[in-house]
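K.L.:
Protein chains in written order, with the numbering used here: chain P, 4 to 306; chain H, 1363 to 1575; chain L, 114 to 299.
Please read through the structure below; I'll follow up with questions.
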Amino acid sequence: MDIMIKIFYAIISIIVATVYGLTLGGIVRKIYARAHGRFGPPVWQPFLDIIKTHGKRVSISHGIMFYLGPVFRFAGGLGTYLFIPVIFGSAIFSNFSIAGDLLLVMYFIFFGQLGMALGAGEGGHPYSPIGIARGLSQMTSFEVPFALSVIAIAIQYNTLNITTIVAAQQGGITNWTLFTNPLAVIAAMISLLGMNMHSPFSIVLAPQEIPIGPPIEMNSSFLATLQTNRGLFAAAKLVLFMNLYFGGATNLLIMVIKTFLIYMFSVFVGAAFPRFRPEQSMRFFLKWPTIIGIVAIIFIAYF
Amino acid sequence: MDKKNIKEIEKEMKLANKGLSEKEKTLFSDARPKTVRPLNKYLEKFLNWARAESLWILGFGTGCGAIELRPLMTARYDMFRYGIAPRPTPRQSCVFVIGGYASMKTIKRIVRSYEQMQGPKFVIALGSCTINGGMYYDSYNTINRIDHYIPVDIYIAGCMPRPESLIAGFDKLKEKIKANECDGMNKYVENFDWYKKNQKRVIKDWNMPDYNW
Amino acid sequence: MKQLLNRIKDKIEIEFLKQRDDLYFINVEEKHIIFLLSYLKEQEEFTHLSFLQAVDYNEYNMFQLTYMLYNYETKVNLGIKVIIDREKSEMTSIHKLWPHAWQFQRELHELYGINFPGSPRVNESFVLEGWEEIPPMRRDFDTKKYSEKTFYQRPGRYTKNPKDYMKEKLYKNFVEPPKIRRKDDE
Chain P
4 MDIMIKIFYA
14 IISIIVATVY
24 GLTLGGIVRK
34 IYARAHGRFG
44 PPVWQPFLDI
54 IKTHGKRVSI
64 SHGIMFYLGP
74 VFRFAGGLGT
84 YLFIPVIFGS
94 AIFSNFSIAG
104 DLLLVMYFIF
114 FGQLGMALGA
124 GEGGHPYSPI
134 GIARGLSQMT
144 SFEVPFALSV
154 IAIAIQYNTL
164 NITTIVAAQQ
174 GGITNWTLFT
184 NPLAVIAAMI
194 SLLGMNMHSP
204 FSIVLAPQEI
214 PIGPPIEMNS
224 SFLATLQTNR
234 GLFAAAKLVL
244 FMNLYFGGAT
254 NLLIMVIKTF
264 LIYMFSVFVG
274 AAFPRFRPEQ
284 SMRFFLKWPT
294 IIGIVAIIFI
304 AYF
Chain H
1363 MDKKNIKEIE
1373 KEMKLANKGL
1383 SEKEKTLFSD
1393 ARPKTVRPLN
1403 KYLEKFLNWA
1413 RAESLWILGF
1423 GTGCGAIELR
1433 PLMTARYDMF
1443 RYGIAPRPTP
1453 RQSCVFVIGG
1463 YASMKTIKRI
1473 VRSYEQMQGP
1483 KFVIALGSCT
1493 INGGMYYDSY
1503 NTINRIDHYI
1513 PVDIYIAGCM
1523 PRPESLIAGF
1533 DKLKEKIKAN
1543 ECDGMNKYVE
1553 NFDWYKKNQK
1563 RVIKDWNMPD
1573 YNW
Chain L
114 MKQLLNRIKD
124 KIEIEFLKQR
134 DDLYFINVEE
144 KHIIFLLSYL
154 KEQEEFTHLS
164 FLQAVDYNEY
174 NMFQLTYMLY
184 NYETKVNLGI
194 KVIIDREKSE
204 MTSIHKLWPH
214 AWQFQRELHE
224 LYGINFPGSP
234 RVNESFVLEG
244 WEEIPPMRRD
254 FDTKKYSEKT
264 FYQRPGRYTK
274 NPKDYMKEKL
284 YKNFVEPPKI
294 RRKDDE
């Protein structure tokens, strides 16, 4: 019976996170529009888009992997989200946090992209392998500073459980990782830019050059699944970063404020910088953030 | 006897794909498109509302009217507030904006892109050239009536129409979608042979499958 | 520019026309064209071929080709006009002087039916895929008849004289301006 309640709570939590992630996307579009001096689309535009793409009467498939691609991608987003405790101390939003969940979450962040690569490859459009090659190479490179940062945190708190990490940061702003281990936070925030695929690192999607990249052949419900996942995955990533580096949240309001500010960081960087080429972004990730991450580990282990 | 008949009917239902070589025929689908009816009246009403509020246009500059689409994205006209957004691939978009005249070379690409779009799909034709040939009505290279080649939902007259009239056209399209009057996709399927006959009269070197799935 | 023309005149016969300060035209015979173009390109710094186009003089049974060259140093445009036979409609290819000339020649081959032997990809279709009639830019091709035959006309098309129509619709109280006597009226 206990597990049934837990599943029920998890479903509520998933719905809340998806709605939150999609709304966040709508708000960001609105902010961009206001910065351009436009009205911009309504905040609920992402929901309309999803309903519309689901409502298509015809859809073209290219084979079994083409079906499984979006499913894997969605599973990646779902897996990432389900192992992160969203709100510290809350029964509904604690999800399935277990002992080594941090490793599992890192695996799931990578998993979705791999599944997507298989599915998009079957589409047969020449631009999707280009997008996949760029996406996977960029992902491998931004995983390095992120992994180093996570190792630094694991050494610092002596655990791989997110709930414990959040618990250790409670009791005042000075207990946050942001202040106890600033180098690790810097490395991770730079890798967040790559993870969100905002402007300096948006070469993967690049709607002008390689028409939208990997999901180019995805239509109708396949695309709708990917769009839903975009909302859920964005929320999951932000909640993970909030938990690891910014002290977690004890109620929904604090969660919303903190994740919004974290997201704004990557939005502002995206609005200010032009786009990197793939090899430039790989070199960038493997240079400065990686060095910062290594220094963070050395610092936390020996000083 | 019956079995043979069914086979013959099936063979007739398949597309001939005469433009392709024997080797290419194995690579392309020869299935005929089918009419798809909506499942439920009330669900369809809701979906039509969503479709009308989220129009993704296929950015395909076929003629001089493509230049009129650009100002729509800028701060002055801002089409995003109406839920209209550009989309880079025909697979994901649902409104095909034919920007001005269609020549014999572009009508081939127009047909290909139109068939690759997933239904329900809507077509907006800009400018006098698409209506009756406009100032190029006697040209050897400009298609005079675009609605003989693909079904068109909205015509926007003008040479070229200003972005304001484009927005008015989109508004009209929204009304039509909400009233469930835009059924161009099924119209295309039902009159498939007529459309194909017209297309093949213009496109002389037909080197693609009869229906681009 | 005058010096240049004299230098050319020393070598071959040309006719010469000044249009503007930066635009000159030279009429030359067909046999001298390759010599003249390579001389202008290699010796006189006319390194850029802006375009190559044709005019169909149906009545005189000839095509006129214009090679438009540009000099980046003196900023002068120089058009070289050649007249070729319409029946034969063949011209020496210049793709070895300017590699991009193959595209112009391909276009002329398709639209005027002028052949350029040896030019790369000259037989490929440019804008008219699968064209079966005579080349459409030749003046004996009736484009209106072809349009009526191939495309579907939308009924209800009529034309008005724009001058009378504007007068009727917009300027009803329009007063004819008093006629100014000009020199050429006399």
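Ideal placement from N, C-alpha and C gives every residue a C-beta, glycine not left out.
Remember, it's a predicted structure, so these values are computed and weren't measured experimentally.
Specify, as a first and last residue, the run of the beta strand (DSSP E) that L:N190 falls within.
P.N.:
Along the third sequence, one-based indexing puts residue 190 of chain L at 77. L:N190 -> beta strand (DSSP E) spans 189 to 198.
K.L.:
Name the DSSP beta bridge partners of L:D169, please?
P.N.:
Translated into the one-based positions of the third sequence, residue 169 of chain L becomes position 56. Paired residues: L:F176.
K.L.:
Along chain L, in chain order, which residues have C-beta atoms closer than 9 angstroms to that of H:K1470?
P.N.:
Here the question's residue 1470 of chain H lines up with position 108 in the second sequence. Within 9 angstroms Cβ-Cβ: E242.
K.L.:
Spell out whether any CB of chain H is found under 8 angstroms from the CB atom of L:Q116.
P.N.:
Sequence index remark: in the third sequence, residue 116 of chain L carries index 3 (1-based). With 8 angstroms as the cut-off, L:Q116 does not count as an interface residue toward chain H.
K.L.:
Would you call the segment 94 to 103 of chain P in contact with the segment 141 to 153 of chain P, where contact means no fewer than 3 C-beta pairs closer than 8 angstroms?
P.N.:
Short answer: they don't touch.
K.L.:
Give, in chain order, every residue of the segment 1412 to 1429 of chain H whose Cβ lies closer than 7 angstroms to some Cβ of chain P.
P.N.:
The segment 1412 to 1429 of chain H vs chain P, Cβ under 7 angstroms: A1412, R1413, E1415, S1416.
K.L.:
Starting from L:Q156, follow the beta strand (DSSP E) in both directions and report where the run begins and ends.
P.N.:
Along the third sequence, read from residue 1 onward, the residue named residue 156 of chain L stands at position 43. From DSSP, L:Q156 is part of no beta strand (DSSP E); its letter is neither H nor E.
K.L.:
For H:S1490, which residues in chain L fall below 7 angstroms Cβ to Cβ?
P.N.:
Taking the second sequence and counting its residues from 1, one reaches residue 1490 of chain H at position 128. Near H:S1490 there are no residues of chain L at all, since even the closest Cβ is about 10 angstroms away, more than 7 angstroms.
K.L.:
Output, in chain order, the set of chain H residues within a Cβ distance shorter than 7 angstroms of P:S62.
P.N.:
Here residue 62 of chain P corresponds to residue number 59 of the first sequence, with the count starting at 1. Going along chain H in sequence order, the residues near P:S62 (Cβ under 7 angstroms) are Q1480.
K.L.:
What's the gap between the Cα of H:S1391 and the Cα of P:T26?
P.N.:
Sequence index remark: in the second sequence, residue 1391 of chain H carries index 29 (1-based). Sequence index remark: in the first sequence, residue 26 of chain P carries index 23 (1-based). Approximately 40 angstroms, taken between the alpha carbons.
K.L.:
For H:S1465, list the residues DSSP reports as bridge partners.
P.N.:
Taking the second sequence and counting its residues from 1, the one referred to as residue 1465 of chain H is at position 103. DSSP lists H:T1504 as partners of H:S1465.
K.L.:
Name the one or two DSSP bridge partners that H:A1378 has.
P.N.:
Position 16 of the second sequence, counted from the first residue, corresponds to residue 1378 of chain H. H:A1378 pairs with nothing; no bridge assigned.
K.L.:
Assuming H:C1456 and H:L1417 are in contact, meaning their beta carbons sit under 8 angstroms apart, how far apart are those beta carbons, in whole angstroms?
P.N.:
Residue numbering aside, residue 1456 of chain H sits at position 94 when the second sequence is read from its first letter. Residue numbering aside, residue 1417 of chain H sits at position 55 when the second sequence is read from its first letter. 7 angstroms between Cβ atoms; contact.
K.L.:
Would a C-beta distance cut-off of 8 angstroms place H:C1491 and H:G1520 closer than the cut-off?
P.N.:
The residue given as residue 1491 of chain H occupies position 129 in the second sequence. The residue given as residue 1520 of chain H occupies position 158 in the second sequence. No, the Cβ-Cβ distance between H:C1491 and H:G1520 is not below 8 angstroms.
K.L.:
Residue ranges of each alpha helix (DSSP H) run of no fewer than 4 residues wholly in the segment 58 to 95 of chain P, ordered along the chain?
P.N.:
List check, alpha helix (DSSP H) in window: 67 to 85.
K.L.:
Let's see if you can read the secondary structure: which residues bound the alpha helix (DSSP H) around H:L1488?
P.N.:
Taking the second sequence and counting its residues from 1, one reaches residue 1488 of chain H at position 126. Element bounds for H:L1488: not the alpha helix (DSSP H) but the beta strand (DSSP E), 1484 to 1488.
K.L.:
Please list the partners that P:H39 has in chain H, where partner means a Cβ-to-Cβ separation under 9 angstroms.
P.N.:
Start at 1 with the first residue of the first sequence, and residue 39 of chain P comes out as number 36. Correct list: T1436, A1437, D1440.
K.L.:
What's the C-alpha gap between L:N171 and H:P1523?
P.N.:
Along the third sequence, one-based indexing puts residue 171 of chain L at 58. Along the second sequence, one-based indexing puts residue 1523 of chain H at 161. Each residue's alpha carbon lies about 38 angstroms from the other.
K.L.:
Would L:E242 pass as a contact of H:M1570 if the rule is Cβ separation under 8 angstroms?
P.N.:
Here residue 242 of chain L refers to the residue found at position 129 of the third sequence. Here residue 1570 of chain H refers to the residue found at position 208 of the second sequence. Contact flag unset, no.
K.L.:
Out of L:Q216, L:L178, L:E155, point me to the one whose CA is closest to L:D198's CA.
P.N.:
Numbered from its first residue, the third sequence carries residue 198 of chain L at position 85. Nearest option by C-alpha distance: L:L178.
K.L.:
Which bits of chain L does H:N1503 rub up against, with CB to CB less than 8 angstroms?
P.N.:
Against the second sequence, residue 1503 of chain H aligns to sequence position 141. Residues of chain L passing the Cβ test: V240, L241, P249.
K.L.:
Applying the criterion that 16 or more other CB atoms from any shown protein chain within 10 Å of the CB defines a buried residue, is P:D52 buried or exposed?
P.N.:
Taking the first sequence and counting its residues from 1, one reaches residue 52 of chain P at position 49. Burial call: buried.
K.L.:
One question on the structure: do H:I1460 and H:T1436 come within less than 8 angstroms of each other, judged by their Cβ atoms?
P.N.:
Within the second sequence, residue 1460 of chain H is the residue found at index 98, counting from 1. Within the second sequence, residue 1436 of chain H is the residue found at index 74, counting from 1. Not closer than 8 angstroms, so no.
K.L.:
Leaving out the 5 sequence neighbours to the left and right, which residues in its chain are closer than 8 angstroms to H:M1363 when beta-carbon positions are compared?
P.N.:
Position 1 of the second sequence, counted from the first residue, corresponds to residue 1363 of chain H. Confidence in H:M1363 is poor, its pLDDT being 49 and thus under 50, which makes the residue's placement too unreliable to answer from.
K.L.:
Within the same chain, show all residues whose beta-carbon is closer than 7 angstroms to that of L:F239, passing over the 5 residues directly before and after it, in chain order.
P.N.:
The count along the third sequence starts at 1 and reaches residue 239 of chain L at position 126. Counting only Cβ-Cβ distances below 7 angstroms, and skipping sequence neighbours, we find R219, E220, E223.
K.L.:
So L:R270 contacts chain H; which residues on that side make the cut at Cβ distance below 9 angstroms?
P.N.:
Position 157 of the third sequence, counting from 1, holds the residue named residue 270 of chain L. In chain order: N1494, G1495, Y1499.
K.L.:
Tell me, please, whether the segment 186 to 200 of chain P touches the segment 89 to 100 of chain P by the rule of three or more beta-carbon pairs shorter than 8 angstroms.
P.N.:
Result no; under three Cβ-Cβ pairs closer than 8 angstroms.
K.L.:
In chain H, what lies closer than 9 angstroms to P:F77 by C-beta?
P.N.:
Walking along the first sequence from the start, residue 77 of chain P turns up at place 74. Under the 9 angstroms cutoff, chain H gives no residues; its nearest Cβ is about 17 angstroms from P:F77.
K.L.:
Just how far apart, CA to CA, sit H:L1528 and H:C1544?
P.N.:
Here residue 1528 of chain H is taken as the residue at index 166 of the second sequence, counted from 1. Here residue 1544 of chain H is taken as the residue at index 182 of the second sequence, counted from 1. Going by the C-alpha atoms only, they are around 18 angstroms apart.
K.L.:
Reducing DSSP to helix, strand and coil, say where H:I1518 ends up.
P.N.:
Within the second sequence, residue 1518 of chain H is the residue found at index 156, counting from 1. If DSSP states are grouped into helix, strand and coil, H:I1518 belongs with the strands.
K.L.:
Could you tell me which residues DSSP puts in a beta bridge with H:Q1571?
P.N.:
For the purposes of this step, residue 1571 of chain H is taken as residue 209 along the second sequence, with counting starting at 1. Residue 1571 of chain H is actually Pro in this sequence, not Gln. Answer by DSSP bridge pairing: none, since H:P1571 is not bridged.
K.L.:
Anything in chain H within Cβ reach of L:R267, meaning under 8 angstroms, just list it in chain order.
P.N.:
The residue labelled residue 267 of chain L in the question sits at position 154 within the third sequence. In chain order: I1493, N1494, G1495, N1506, R1507.
K.L.:
Would you decide whether L:T187 is buried or exposed? Buried here means 16 or more other CB atoms lie within 10 Å of its CB.
P.N.:
In the third sequence, the residue the question calls residue 187 of chain L occupies position 74. Flag for L:T187 reads exposed.
K.L.:
So that I know if they touch, is there some Cβ in chain P lying closer than 8 angstroms to that of H:T1388?
P.N.:
Counting from one through the second sequence, the residue named residue 1388 of chain H turns up at place 26. So, not an interface residue.
K.L.:
Among P:V74, P:N199, P:M245, which one has its Cα closest to the Cα of P:L117?
P.N.:
The residue given as residue 117 of chain P occupies position 114 in the first sequence. Of P:V74, P:N199, P:M245, the residue nearest in Cα terms is P:V74.
K.L.:
What did DSSP end up calling H:N1548 once you bin it into helix, strand or coil?
P.N.:
What you label residue 1548 of chain H is simply residue 186 of the second sequence in a count that begins at 1. Looking at H:N1548 - three-state DSSP - the assignment turns out to be helix.
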